[in-house]
Amino acid sequence: MPRGIFITLEGGEGAGKSTNVAFVRNWLEHAGRKVVVTREPGGTELGERVRDILLHGRELHTSAESEMLLMFAARAEHIARVIRPALDAGKIVLCDRFTDATYAYQGGGRGIPAARIAAIESWVQGDLRPDLTLLFDVPVEAGRRRAGLRSEPDRFEQESDEFFARVHATYLARAAREPERMRVIDASQSLEKVEQQLGSVLQEVVGGR
Ligand code: TMP
């Protein structure tokens with residue numbers, strides 16, 4: 089059985105990742121693939137509890153370092169229990185955020201050096217990296233406006249405009265360095281146009297339709 093395909097979705101706040109997960113999943117299922125949809129932080133019981141601490145534990149003090157280590161603790165469990173088994177079974181894993189988010193938020197946003205993140209990435213993930221990353225890109229201000237229309241802001245959504253400008257710049261710099269893996273989707277366009285972009289990337293990378 090060939091190894092499955094590991095696809096991640098990334099982007100700043102309000103970039104429309106969640107809206108488009110369903111489209112990507114349907115596209116892949118129509119291409120005859122078995123798809124596991126999951127998210128980070130999350131995807132396991134431990135991961136969901138860590139998510140709750142990091143996004144909603146307002147009364148808890150969390151340093152940048154402990155925040156990063158908790159992201160990776162959740163990730164280690166997620167990889168062992170969900171991601172690797174699904175890939176080994178030949179499935180497509182569709183994961184809403186992964187380690188690019190750690191580089192963007194804890195690295196760009198909070199200032200942890202990329203080399204330190206890279207060391208833990210290798211330790212936790214071995215050679216596991218996404219085969220394809222869809223980066224949903226919208227100008228920071230527009231994304232924050234969209235996100236602000238939703239429910240109560242979580243701990244990250246309360247960060248400053250400068251924080252999100254650094255997150256955004258880090259994502260784009262990573263995409264520029266790895267253009268084959270990371271495909272930038274212009275998410276400021278209409279839903280129909282976004283779906284067209286997604287369809288053409290998926291046809292090129294996954295094929296089968
Ligand atoms: P979201 O899934 O609704 O986008 O929320 C997840 C939040 O967690 C988002 O603000 C980005 C943040 N995050 C990190 O800061 N580092 C990470 O490694 C991951 C996976 C997410």
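Quick note: the sequence shown uses the numbering used here, first residue 89, plus one each step. C-beta atoms are modelled at their ideal positions from N, C-alpha and C, and glycine is treated no differently. In this text the structure is predicted, and so the values were computed from the model without any measurement.
Whole-angstrom distance between residue j and residue i, CA atom to CA atom
i	j	result
ALA235	VAL289	26 angstroms
PRO241	ALA103	15 angstroms
VAL214	ASP188	The sequence shown places Gly at residue 214, not Val. Answer to the nearest angstrom: the Cα atoms are 15 angstroms apart.
ALA257	PRO201	15 angstroms
LEU134	ARG185	17 angstroms
GLU147	ARG137	15 angstroms
SER278	GLN194	30 angstroms
ARG113	ARG254	30 angstroms
GLU209	SER151	19 angstroms
GLU101	ARG232	6 angstroms
GLN284	HIS118	15 angstroms
Check whether residue i and residue j have beta carbons under 7 angstroms apart
i	j	result
LEU158	ARG243	no
PHE252	VAL228	yes
GLY178	GLY296	no
THR107	CYS183	no
ARG121	ILE171	no
VAL293	LEU216	no
Residues that DSSP places opposite residue i in a beta bridge
i	result
LEU182	ILE95, VAL125
ASP225	ASP274
LEU220	ILE95
Distance cut-off 6 angstroms: residue i Cβ against heavy atoms of the ligand TMP
i	result
TYR193	yes
ARG185	yes
ALA206	no
MET159	yes
GLU305	Coverage of the chain is limited to positions 89 through 297, which leaves residue 305 absent and any answer about it impossible.
PRO241	no
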